[in-house]
Amino acid sequence: MNDAIASGRLMARLVDLKTIGYRLAAALAICLVLAAASDVFLTTNNLLNVLRQASLLFLLASGLTLVILTAGLDLSVGANIGMSACIAASVIKLTGSAMLGAATGVGVGLAIGLLNGVLVALMRMPPFIATYGMLWVVHGVTYWFMAGTTIYGFPAAFRALGSGYFLGLPIPVYLMFVFLALGSFFAQRTTYGQEIYAIGANREAARLSGVPIAKRLILVYAVSGAMAGLASLVFLARMNSAEGDIGEAFTLPAIAAALIGGTSLFGGVGTVSGTLVGALILTLVLNGMNLLTIDASWQPLVTGVIVLLAVFFDALTRKGGDGRQ
Amino acid sequence: MNSTPPLLELRDISKQFPGVKALDHVSFAVHSGEVHMLVGENGAGKSSLMKVLCGAYRADEGEFFHRGEKVEIRSPADARALGIAVIFQEFSLVPYLSIAQNIFLGREFPGRFPGTIDHARMHREAKQLLDQLGLDIPTRTLVHELGVAQQQMVEIAKALSQNARILVMDEPTAALSDRETERLFAMIRQLQSDGVAIVYISHRMAEVFAMGDRITVLRDGKKVASLLPGEATPDELVHLMVGRSVDRSYARNFCQSEGELILEVKDLSSVNGVKGINLTVRSGEIVGLSGLVGAGRSEVARAIFGADRVTGGEILLHARAHRGNPDKAVAAGIALVPESRKAEGLALIRSVCDNLMLPGLSLAFPSRIYHAARARQIAGALIDRLRISTPSSQRPVRLLSGGNQQKVVIGKWLGSGSRLFIIDEPTRGIDVGAKAEIFALIDQLVSQGAGVLMISSELSEIVQVCDRSYVMRDGRIAGHLSREQLSEENILKMGVHHE
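So the sequence lines, in the order shown, correspond to chains D and E.
Mapped onto our numbering, the consecutive letters of the first sequence carry residue numbers 8 to 332.
Mapped onto our numbering, the consecutive letters of the second sequence carry residue numbers -12 to 486.
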């Protein structure tokens, strides 16, 4: 029996390697190609730039990954960034306190996430519809709040969050590793994480096994909202200005990062570390297109092709049937 | 009664599924203008025969004759071409289309321009059909506005519009009131006089004798009798339905002493049609909850477990009031092994280990920190104890056989501290060997002081395994049978309608 357990352990590692490993290999291959094609790619500046961009995408996509693991979706994360950033910006301007502004930004994000959670878990709305509606509501409120104005010029202490360095690495990259560790720990090493996977794999079976579905759903939507709030701060600090429509372009790339990273929209399958690799792949490819001076109008097409390839690849490796469609 | 060849005749039809012979050389004939009653226990083969008739299943062996001529029924289209139509218990109408649109769905009359529909003609012909059935409802009414009985009439109208000459009805009165039943019977008599042949599946003795021209009894996939209503009494018919010599292969030591009370349910009702349920389960006993399919057995289980909303009454666990969602029930020590293993019991894409650990997560890891190695250890011990055949605890549970999957669904409750096990259809779709193991496991649970409430459609299982049994009918407890009274015949007598 010990042999069986040992071989099971080995298999579990192999499965992990299969989902993450192939993707890391793909990311490396992209790096090799870019290093060969462009002199600029391997410069410290460019690599740090890639990491910084990937970290922002990852912060947003990591919370979203937890939502998708429950077979849910959060379409409001981009709008959430917009509102969190704008309100945080006004608080900083009003009070001059970067800390208070940051706390407000995360707080607004968390509040939007909680609202999503209530709509999905307690009012039993389909996640797509609840968060899609929330997207418009949050946009609308942000536009009304900003009334077309721009808030800019924040204290250096706050701007360091987006553009500062520590020991040669951008601050957001540290945030990325901290939340990679926290997210992975939460998903793999807590019973909450186990229950979240179970909800995504078969919600009714999880419910009839005593998993408190509503509480767990509210939790993941709240985390996704709070992560969007945090991402908004990083973005705001980097841009040093806030307008009503910032954040609009983030939702679909964040979903793409999760999908490229191997998270299944059907739920129950995926990892936070996979999403990190997904964010890296997406950022590397877009960075490479910039370096090779390929017109930016090709970016959506390329993103789409990568997402389709990743999902197609997953379908191939998971062949043999999930027992569901 | 007829010298002409029957409208439809089936000879020596057999249908095999893995591990079970659903139909074993069944012959069956129905004449024009005849109501042919088909009766039998759950699992006797009525549904299989019906599905062969309408082309949903293809028979492995046997021949079909239509007016004496050999024909083939290999697909639903073949059956339709022969004029066979089935009215299932679950209707197949589209709720937000009108009566006329439903009747002619997929066969709309083309209008003057390509791609258009001749609505006037559709409603005219629909009206004719409804008139023929004595139904006075505007054909533009949306189906979801109709009651069950009227929807059934629309189904029948739809069948007639396809020139159905053989109508198969599966328990058509199950959801009807007495008045609606009268209307349906009047309509059946009229169809009969128009020469339509009717195959009628029923559990209700009164209507079997009132409406049937001929009665065919199925048991274990075989035809055991075909007789005229005057040739048997209702009791004799029940005896024919049960008939088999009782197989004691799962014999156990029945509960001798009365254990402490674990569950007491008082006057319980739920949103799912359960009414006024009173029952008790004591430590050390297996209590059956039997009755026919649709009598409300699973609904009682779901109400006790909190999966369906309770609308009245009391649930006492160890003499303390209990009410709430499944998570509260699990915390209070109730385990539910649900009816549908795949839909409700298992996260199929997850591993055996993940599934086994799920209900007991907070007991195994009170700090909420999950240790994968510890989980594998616990799961490995359960796999050994239950003799689940799997190469590793990390194997996705979907790759296991049905019997092993069922062991996982029961096994996941062994680490959750449950004292009351509600087990719904423990042996559905699993082979004989695995059945014996499952019953040994259930026996082990009660010998360790748990109480078990067991639901089964296989009456023989209830009789062999249970210390006593409740019998349900129409969402209520129709009666209680002690160990001495427990027999398939007595369950059926309580469970069927005598009126």
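Beta carbons are placed, not taken as given, at the ideal position from N, Cα and C, and that holds for glycine.
This one's a predicted model, so the numbers in the text were calculated from it and none came from an experiment.
Would you say E211 of chain D faces chain E, with C-beta separation under 7 Å as the test? yes
Cβ of F408 of chain E less than 7 Å from any chain B Cβ? The chain inventory of the structure shown lacks chain B, comprising the protein chains D and E.
Exposed or buried, what is H131 of chain E when buried is set at 16 or more other beta-carbons lying within 10 Å of its beta-carbon? Taking all protein chains shown into account, H131 of chain E has fewer than 16 neighbouring C-beta atoms within 10 Å of its C-beta and is therefore exposed.
When you compare the CB positions of V73 of chain E and V155 of chain E, do they come within less than 7 Å of one another, or not? yes
Tell me the residue span of the beta strand (DSSP E) that contains K57 of chain E. E56 to V58
Assign G217 of chain E to one of two classes, buried (16 or more other C-beta atoms within 10 Å of its C-beta) or exposed (fewer than that). exposed
Does any residue of chain D bring its CB to less than 7 Å from the CB of A334 of chain E? The Cβ of A334 of chain E sits closer than 7 Å to at least one Cβ of chain D.
Assumed close pair M24 of chain E, T203 of chain E - CB separation to whole angstroms, cut-off 8 Å: 7 Å
With 7 Å set as the bound, which would you pick, yes or no: does the beta-carbon of A96 of chain D sit closer than that to a beta-carbon of chain E? no
Looking at chain D, is there any beta carbon in it that lies within less than 7 Å of the beta carbon of P313 of chain E? Yes, P313 of chain E lies at the interface with chain D (some Cβ there is under 7 Å from its Cβ).
Proximal chain D residues relative to I356 of chain E, where beta-carbon distance stays under 7 Å: R196 and T197
Secondary structure, beta strand (DSSP E): runs of 3+ residues fully inside the region 96 to 169 of chain E: 153 to 157
Span separating the alpha-carbon of P159 of chain E from that of I225 of chain D: 44 Å
Span of the alpha helix (DSSP H) holding H226 of chain E? P221 to V229
Could you check whether the Cβ of R166 of chain E sits closer than 6 Å to any heavy atom belonging to the ligand MN? As presented, the structure is devoid of all ligands, the ligand MN included, so that no description of it is given.
Closest Cα partner of F186 of chain D within the set D:V312, D:G89, D:V74 and D:S280: D:S280
Need the endpoints of the alpha helix (DSSP H) that H23 of chain E sits in, please. Premise fails: H23 of chain E lies in the beta strand (DSSP E), V22 to V26, not in any alpha helix (DSSP H).
Contact set between the region 263 to 290 of chain D and chain E, restricted to residues whose Cβ is under 8 Å from the partner: G275 and V276
Three Cβ pairs or more, each shorter than 8 Å: is that satisfied between the region 42 to 59 of chain D and the region 198 to 216 of chain D? no
At what residues does the beta strand (DSSP E) containing Y44 of chain E begin and finish? Run containing Y44 of chain E: none; DSSP gives neither H nor E here.
Please report how far the alpha carbon of K219 of chain E lies from the alpha carbon of V483 of chain E, in whole angstroms. The sequence shown places Ala at residue 219 of chain E, rather than the Lys named in the question. When rounded, the distance between both Cα atoms is 16 Å.
Please determine if the region 290 to 303 of chain E and the region 341 to 351 of chain E are in contact, where contact requires at least 3 C-beta pairs separated by less than 8 Å. Verdict: no, contact absent.
Nearest to R487 of chain E by CA position, among E:E251, E:D207 and E:E272, is which residue? Any answer about residue 487 of chain E is impossible in this case: the structure gives chain E only from -12 up to 486.
Chain-ordered chain D contacts of P325 of chain E [CB-CB under 9 Å]: For a Cβ distance threshold of 9 Å, residue set E211, A212 and L215 of chain D lies close to P325 of chain E, ordered along the chain.
For Q431 of chain E and I291 of chain E, I'd like the C-alpha separation in whole angstroms. 23 Å
Which value, in whole angstroms, describes the spacing of the CA atoms of D165 of chain E and L171 of chain E? Cα to Cα, D165 of chain E sits roughly 10 Å from L171 of chain E.
Return the Cβ separation of L303 of chain E and E251 of chain E in integer angstroms, given the expectation that the two are a contact with Cβ distance under 8 Å. That pair is a contact at about 4 Å.
Would you give the residue range spanned by the beta strand (DSSP E) that D254 of chain E belongs to? Its beta strand (DSSP E) spans residues L248 to S257.
Whole-angstrom Cβ separation of M183 of chain D and F65 of chain D, contact assumed at under 8 Å? With 8 Å as the limit, M183 of chain D and F65 of chain D qualify as a contact, their Cβ atoms being about 5 Å apart.
Can you list, in chain order, the stretches of the alpha helix (DSSP H) that have 4 or more residues and sit fully within the region 310 to 339 of chain E? 313 to 318
In three-state terms, what does DSSP make of G193 of chain D? Residue identity differs from the one stated: residue 193 of chain D is Phe in this sequence, not Gly. Residue state, collapsed to three classes: helix.
Within the 7 Å Cβ cut-off, does E331 of chain E reach chain D? Yes, E331 of chain E lies at the interface with chain D (some Cβ there is under 7 Å from its Cβ).
For the alpha helix (DSSP H) containing D411 of chain E, list its first residue and its last residue. Per DSSP, D411 of chain E belongs to no alpha helix (DSSP H); it is in the beta strand (DSSP E), L407 to D411.
Based on the DSSP output, what are the partners of I74 of chain E in its beta bridges? E:M156
Please tell me whether A208 of chain D has its Cβ less than 7 Å away from any Cβ of chain E. yes
Taking Cβ-Cβ distances shorter than 9 Å, what residues in chain E pair up with E202 of chain D? L345 and L348
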